[in-house]
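Asker: Here it is, the structure, as structure tokens.
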Amino acid sequence: MVIILRRKLTSFAVDHFFIERDNVFMFKNLDEEELRALLQKKEEEIIFLKDELLKAAHQMERFAERTEEQGRISTSLLKLLSPTELPQIPGYQISSKFSASFKGSEYMELVNYKEKTHFGILMSHCEGAGLSALFLACLLKMSPEMDSARRLGSFEFVQKISKELQESLDEKAKLSIFYAMMNRTSSELNVTSYGNYLLLKRDKEENISLASQCNSEITQQTVLEENRNPVPLAMEEHLVVLSPGFLKAFHFQSQDTAANFFESKLKKLDWSDLNQIRNEFFVLQSEALNGKKSDFDACVLVMQNQDRSLKLASV
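Mind the numbering: the sequence shown is residues 2 to 316 in this note's numbering, read in order.
This is how it looks when you write it as structure tokens:
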């Protein structure tokens, strides 16, 4: 409506410009009283235009307020439904942290399946009005299918949830999603990821390396192709998952650049205390932000495989 009004005002001004240009030659033939009447008419037209512009400004302001309010409601809903504490998985030491902000609402969850041989890691990052609420609604709808690791693989889950959401996405909306299923019998993490998630692996020799593949975010036009990235995780090895919202503070040019940065900062730390490692990531983020609060939610998850017995008891 604001655009239509702006076009009308522009057309009105252009038309009157050419009319006035043609009439300027007639002013010499007007007497003083006629000129006063013409001036009065022009003043009334200026007042009218100012009123219309003021109305348009108020309409734009109310629209911006409604959009901001929708964003606040969506973010509040996401925080309300997000798990406040992730469950512990026997055989794995896990430390995680969710830092809330306003933009780019994120979600993080550990998924327990009926099959005790598997568990899942789910993260999402939503950019777009109301997208986080839509994601949660879709997640709740699909929760019965997530009870079993055999119903949906990591790629099939992401494919299905994207199909549910894409019809509702506008041109600017972007969905980043990380879904990984750990097979405890083979000690392999099957990862499907879209968006800028960073997956780091620390091996027994204490070397930290990049273990992720970077795929673009899911948009209205995205056609998902097969996306599975198996990541082996032997006993005593570590994995780190960093969300897009967390990484936005650093402005890395590539995932390799990011991996090299964190490798240099974290290699010499004591990894026996995963809470300290997790907190160190947020210290680095705070330094990158120069002490300012991030505009985006942030998720960090650090995990170590300590599973010693399940493989012996599993078929």
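We put the beta carbon where it would ideally sit given N, CA and C, even for glycine.
Tell me, please, whether the stretch 154 to 168 touches the stretch 202 to 212 by the rule of three or more beta-carbon pairs shorter than 8 Å.
Answerer: Result no; under three Cβ-Cβ pairs closer than 8 Å.
Asker: Looking at residue 217 and residue 195, is the spacing between their C-beta atoms short of 8 Å?
Answerer: Within the sequence shown, the letter at position 194 stands for residue 195. Within the sequence shown, the letter at position 216 stands for residue 217. In this structure, residue 217 lies closer than 8 Å to residue 195 by Cβ.
Asker: Using CA atoms only, rank isn't needed, just tell me which of 158, 91, 117 is closest to residue 123.
Answerer: Taking the sequence shown and counting its residues from 1, one reaches residue 123 at position 122. Comparing Cα-Cα distances from residue 123 to each of 158, 91, 117, the minimum goes to 158.
Asker: For residue 193, is the classification buried or exposed, using 16 other Cβ atoms within 10 angstroms of its Cβ as the cut-off for buried?
Answerer: Along the sequence shown, read from residue 1 onward, the residue named residue 193 stands at position 192. Per the 10 Å Cβ criterion, buried.
Asker: Leaving out five residues on either side along the sequence, give the residues of the same chain with a beta carbon under 7 Å from the beta carbon of residue 288.
Answerer: For the purposes of this step, residue 288 is identified with residue 287 of the sequence shown, where counting begins at 1. Correct list: empty, nothing qualifies.
Asker: CB residue 298 to CB residue 100, shorter than 8 Å?
Answerer: Working through the sequence shown from its first residue, we reach residue 298 at position 297. Working through the sequence shown from its first residue, we reach residue 100 at position 99. Closer than 8 Å, so yes.
Asker: Exposed or buried, which one is residue 125 when buried takes at least 16 other CB atoms within 10 Å?
Answerer: Translated into positions along the sequence shown, residue 125 becomes position 124. Residue 125 is buried by the Cβ-count criterion.
Asker: If we ignore side chains and look at the alpha-carbon of each, how far apart do residue 96 and residue 52 end up?
Answerer: Along the sequence shown, read from residue 1 onward, the residue named residue 96 stands at position 95. Along the sequence shown, read from residue 1 onward, the residue named residue 52 stands at position 51. If I take the Cα positions, the gap works out to 58 Å.
Asker: Kindly confirm or deny that the stretch 235 to 248 and the stretch 298 to 308 touch, where touching means at least three C-beta pairs closer than 8 Å.
Answerer: Touching, yes.
Asker: Counting only the same chain and skipping the five closest in sequence on each side, list residues whose C-beta sits under 6 Å from that of residue 178.
Answerer: One-based indexing of the sequence shown puts residue 178 at position 177. Answer for residue 178: 125, 159, 195, listed in chain order.
Asker: Runs of 4 residues minimum, wholly inside the stretch 129 to 214: which ones carry the alpha helix (DSSP H) assignment?
Answerer: 132 to 143, 155 to 167, all fully within the stretch 129 to 214.
Asker: Report the partner residues of residue 233 according to the DSSP bridge assignment.
Answerer: Numbered from its first residue, the sequence shown carries residue 233 at position 232. BP columns for residue 233 point to 189.
Asker: Tell me, please, whether the CB atom of residue 283 is closer than 8 Å to any CB atom in chain C?
Answerer: Reference to chain C is not applicable here, since this structure consists of a single protein chain.
Asker: Please report the distance separating the alpha-carbon of residue 131 from that of residue 219.
Answerer: Reading the sequence shown from its first residue, position 130 is the one you call residue 131. Reading the sequence shown from its first residue, position 218 is the one you call residue 219. In a straight line, the C-alpha of residue 131 is about 15 Å away from that of residue 219.
Asker: Go to residue 94, then tell me how far its beta strand (DSSP E) extends in each direction, as first and last residue.
Answerer: Residue numbering aside, residue 94 sits at position 93 when the sequence shown is read from its first letter. Per DSSP, residue 94 belongs to the beta strand (DSSP E) from 93 to 100.
Asker: Is the Cβ-Cβ distance between residue 307 and residue 89 less than 8 Å?
Answerer: Mapped onto the sequence shown, residue 307 falls at position 306. Mapped onto the sequence shown, residue 89 falls at position 88. In this structure, residue 89 does not lie closer than 8 Å to residue 307 by Cβ.
Asker: Taking its Cβ as the centre, do 16 or more other Cβ atoms sit within 10 Å of residue 313, making it buried, or is it exposed?
Answerer: Locating residue 313 in the sequence shown gives position 312, where the first residue counts as 1. In this prediction, residue 313 has a pLDDT of 42, which is less than 50 and means its spatial position is unreliable; nothing more can be read from the coordinates.
Asker: With a threshold of 16 other CB atoms inside 10 Å of the CB of residue 296, please say whether the residue is buried or exposed.
Answerer: As a working mapping, residue 296 is identified with position 295 in the sequence shown. Label assigned to residue 296: exposed.
Asker: By how many angstroms is the C-alpha of residue 43 removed from the C-alpha of residue 81?
Answerer: Locating residue 81 in the sequence shown gives position 80, where the first residue counts as 1. Locating residue 43 in the sequence shown gives position 42, where the first residue counts as 1. At residue 81 the pLDDT is 46, less than 50, meaning the model places this residue with poor confidence; the figure from the coordinates comes in the next sentence. So the alpha carbons of these two residues sit roughly 57 Å apart.
Asker: Roughly how many whole angstroms lie between the Cα atoms of residue 112 and residue 50?
Answerer: Within the sequence shown, the letter at position 111 stands for residue 112. Within the sequence shown, the letter at position 49 stands for residue 50. Spanning the two alpha carbons is a distance of roughly 59 Å.
Asker: Pick helix, strand or coil for residue 121, following the three-state DSSP scheme.
Answerer: The count along the sequence shown starts at 1 and reaches residue 121 at position 120. In the structure shown, residue 121 sits in a strand (DSSP, three-state: E or B).
Asker: Going straight from the alpha carbon of residue 87 to that of residue 98, what length do you get?
Answerer: Within the sequence shown, numbered from 1, the residue matching residue 87 stands at position 86. Within the sequence shown, numbered from 1, the residue matching residue 98 stands at position 97. Spanning the two alpha carbons is a distance of roughly 9 Å.
Asker: How many Å lie between residue 224 and residue 136 at the Cα?
Answerer: As a position in the sequence shown, residue 224 is number 223, starting the count at 1. As a position in the sequence shown, residue 136 is number 135, starting the count at 1. Distance between the alpha carbons of residue 224 and residue 136: 18 Å.
Asker: From residue 259 to residue 48, what does the alpha carbon distance come to, in whole angstroms?
Answerer: As a first step, residue 259 must be located in the sequence shown, where it is residue number 258. As a first step, residue 48 must be located in the sequence shown, where it is residue number 47. Their backbone Cα atoms lie some 57 Å apart in a straight line.
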